[in-house]
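Visitor: Handing you a structure now.
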Amino acid sequence: MSLTPQLVLFEEDHKKLVAVSERLTHDANAKAVFLIDRNGQLVTEAGELKGIDTTSLSSLVAGNVAATTGLAKVIGEPDFPIHFHQGERDNVHITLVAQRIIMVVIFDDRSSLGLVRLRVKKAGQKLSQIFDEIFKRAESDDGADSPFAEISEDDIDNLFSD
Amino acid sequence: MAFINYSAREINCKLVYYGPGLCGKTTNLKYIYEKTAGEAKGKMISLATETERTLFFDFLPLSLGEIRGFKTRFHLYTVPGQVFYDASRKLILKGVDGVVFVADSQEERYEANIESLDNLRGNLREQGYHIDKIPWVLQYNKRDLPNSIPVEELREALNPTGKILDFEASAQTGTGVFETLKALAKLVLTELKRGNK
Ligand SMILES: Nc1nc2c(ncn2[C@@H]2O[C@H](COP(=O)(O)OP(=O)(O)OP(=O)(O)O)[C@@H](O)[C@H]2O)c(=O)[nH]1
Ligand SMILES: [Mg+2]
Chain D
3 MSLTPQLVLF
13 EEDHKKLVAV
23 SERLTHDANA
33 KAVFLIDRNG
43 QLVTEAGELK
53 GIDTTSLSSL
63 VAGNVAATTG
73 LAKVIGEPDF
83 PIHFHQGERD
93 NVHITLVAQR
103 IIMVVIFDDR
113 SSLGLVRLRV
123 KKAGQKLSQI
133 FDEIFKRAES
143 DDGADSPFAE
153 ISEDDIDNLF
163 SD
Chain W
-5 MAFINYSARE
5 INCKLVYYGP
15 GLCGKTTNLK
25 YIYEKTAGEA
35 KGKMISLATE
45 TERTLFFDFL
55 PLSLGEIRGF
65 KTRFHLYTVP
75 GQVFYDASRK
85 LILKGVDGVV
95 FVADSQEERY
105 EANIESLDNL
115 RGNLREQGYH
125 IDKIPWVLQY
135 NKRDLPNSIP
145 VEELREALNP
155 TGKILDFEAS
165 AQTGTGVFET
175 LKALAKLVLT
185 ELKRGNK
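Order-wise, the sequence lines are chains D and W. Counting in this note's numbering, the first sequence runs from 3 upward without gaps. Counting in this note's numbering, the second sequence runs from -5 upward without gaps.
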């Protein structure tokens, strides 16, 4: 049905991604690191900002990246791979990983743009490898082990019973 | 396309409300937001102009409950219906799992409905989707207005084969809003069950 395969994330994937994100948070002196699917769905989070509304954050970041990517095409660039928003207290650094994933780093004046850039580069390579594997697996997967292969009409109806 | 997260034991699907300008897409989401219990919904985000026309999108996250131990989450989006926002509509359609096409039943919007459905078809095709292959439902909105035309006429124009599930609605009062959403959610989950990709 779709050009890009469905994103299926297992526990082991999650652990690996969180490990890299936590490492990045630490090495970059950042407040938080979020990995978000380009469609606006949160994949993992790390760091100290855990209390915030990550669902809103994810959809807005994805909208932001979609809009700037559209803008890039208009002026003849393939993409803007890095976005940076500077705030009074917190700054947001956004990069694309493995074409489909958005890495968001939030940092304040305990860090610097230079340091974040440097650390993001290294972490980005590791994350790309992990995601490439995830996507490769999704492409070859025939969907047999999807938890939804087994659900019945009744299961679906029950969701709407009230 | 849906995101299945075994680690968090949840499944995320993206539903998009499409249709001509002022047909009532945002009103659908507002009603769903108002009538959904606190723990089942997240914040509604509206990126709109000063006159409340959708500029980029509205966003409303919902969780419907569990299926076999997996939380089902639906991310509802609306597109901006005004013709000149086509670039934004294309962006929002990316990764869609299902579409509600909201038609405006008023006589003077008859052609706008047809054009918007053509626009949806074209924008899906650009992304390699065929409208016949994705879950979608139709909503004939604003049935409360005196200048709305008979449903049969709308059906003939927008659903000539009668194969698409369609619903009469009045988003302002909420009639038909949840029926439409549930029908689409069901189609999307059924599609996932078939393991279609
Ligand atoms: N009478 C009546 N008015 C409605 C109904 N649904 C929406 N409206 C009104 O129609 C106007 C436009 O509704 P919106 O929901 O903002 O329309 P939209 O489709 O989001 O429009 P865009 O964002 O420009 O694409 C508002 O004034 C609504 O109150 C309905 O069922 N009946
Ligand atoms: Mg709107």
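Heads up, the beta-carbon is just placed ideally off N, CA and C, and yes, glycines get one too. This one's a predicted model, so the numbers in the text were calculated from it and none came from an experiment.
#1: What's the C-alpha gap between residue 23 of chain W and residue 161 of chain D?
#2: Within the region 84 to 111 of chain D, note down every full beta strand (DSSP E) run reaching 3 residues or more, in order along the chain.
#3: In terms of residue numbering, what span does the beta strand (DSSP E) encompassing residue 156 of chain W cover?
#4: Start and end of the beta strand (DSSP E) containing residue 163 of chain W?
#5: For residue 132 of chain D, report the span of its alpha helix (DSSP H) as first-last.
#6: Taking the alpha-carbon of residue 131 of chain W as reference, which of W:141, W:44, W:176 and W:1 has the nearest alpha-carbon?
#7: Taking a cut of 8 Å between CB atoms, which residues from the region 85 to 96 of chain W lie near chain D?
#8: Hey, would you say the C-beta of residue 177 of chain W is under 6 Å away from at least one heavy atom of ligand 1?
#9: Considering only the alpha carbon of each residue, which of D:137, D:66 and D:104 lies closest to residue 47 of chain D?
#10: Using a Cβ-based criterion (distance less than 6 Å to any ligand heavy atom), does residue 72 of chain W qualify as near ligand 2?
#11: Three or more beta-carbon pairs under 8 Å between the region 92 to 112 of chain D and the region 130 to 138 of chain D, yes or no?
#12: For residue 172 of chain W, which of helix, strand or coil comes out of DSSP?
#13: Alpha carbon to alpha carbon, how far is residue 20 of chain W from residue 117 of chain D?
#14: Does the Cβ-Cβ distance between residue 145 of chain W and residue 11 of chain W come in under 7 Å?
#15: What is the rounded straight-line gap between the Cα of residue 66 of chain W and the Cα of residue 143 of chain W?
#16: Measuring straight from C-alpha to C-alpha, what distance separates residue 87 of chain D and residue 9 of chain D?
#17: Which ranges would you report for the beta strand (DSSP E) in the region 5 to 50 of chain W if only whole runs of at least 3 residues count?
#18: Counting Cβ pairs, one atom from each stretch, are 3 or more of them under 8 Å apart for the region 44 to 64 of chain W and the region 96 to 111 of chain W?
#19: Taking all protein chains shown into account, decide if residue 124 of chain W is buried (16 or more other Cβ within 10 angstroms of its Cβ) or exposed.
#20: Taking a cut of 8 Å between CB atoms, which residues from the region 26 to 52 of chain W lie near chain D?
#21: Roughly how many angstroms lie between the CA atoms of residue 166 of chain D and residue 42 of chain D, to the nearest whole one?
#22: Around the Cβ of residue 170 of chain W, are there at least 16 other Cβ atoms within 10 angstroms (buried) or fewer (exposed)?
#23: Which word fits residue 141 of chain W, buried or exposed, when buried means at least 16 other C-beta atoms lie within 10 angstroms of its C-beta?
#24: With distance defined between alpha-carbon atoms, name the residue in D:110, D:75, D:74 and D:16 nearest to residue 91 of chain D.
#25: For residue 105 of chain W, report the span of its alpha helix (DSSP H) as first-last.
#26: Would you please verify whether the beta carbon of residue 72 of chain D is less than 7 Å from any beta carbon of chain W?
#27: Residue 59 of chain W versus chain D: which residues are under 7 Å apart at the beta carbon?
#28: Name, in chain order, the residues that DSSP records as bridge partners for residue 94 of chain W.
#29: If you drop the 5 nearest sequence neighbours on each side, which residues of the same chain put their C-beta closer than 6 Å to that of residue 6 of chain W?
Guide: According to the structure data:
#1: 19 Å
#2: 84 to 88, 93 to 99 and 103 to 109
#3: Counting along the chain, residue 156 of chain W falls outside any beta strand (DSSP E), and DSSP gives it neither H nor E.
#4: Counting along the chain, residue 163 of chain W falls outside any beta strand (DSSP E), and DSSP gives it neither H nor E.
#5: DSSP places residue 132 of chain D in the uninterrupted alpha helix (DSSP H) bounded by 115 to 142.
#6: W:176
#7: 85, 86, 88 and 89
#8: no
#9: D:104
#10: yes
#11: yes
#12: The answer is helix: DSSP assigns residue 172 of chain W an H, G or I state.
#13: 42 Å
#14: no
#15: 37 Å
#16: 28 Å
#17: Runs found: 39 to 42.
#18: Result no; under three Cβ-Cβ pairs closer than 8 Å.
#19: So residue 124 of chain W counts as exposed.
#20: 36, 37, 39, 41, 50 and 51
#21: With chain D represented from 3 up to 164, any question about residue 166 of chain D goes unanswered, as that position is not in the structure.
#22: buried
#23: exposed
#24: D:110
#25: Following the DSSP letters along the chain, one finds residue 105 of chain W inside the alpha helix (DSSP H) bounded by residues 104 to 120.
#26: For residue 72 of chain D, the answer is yes, since a Cβ of chain W falls inside 7 Å of its Cβ.
#27: 161
#28: W:11 and W:131
#29: -3 and 67
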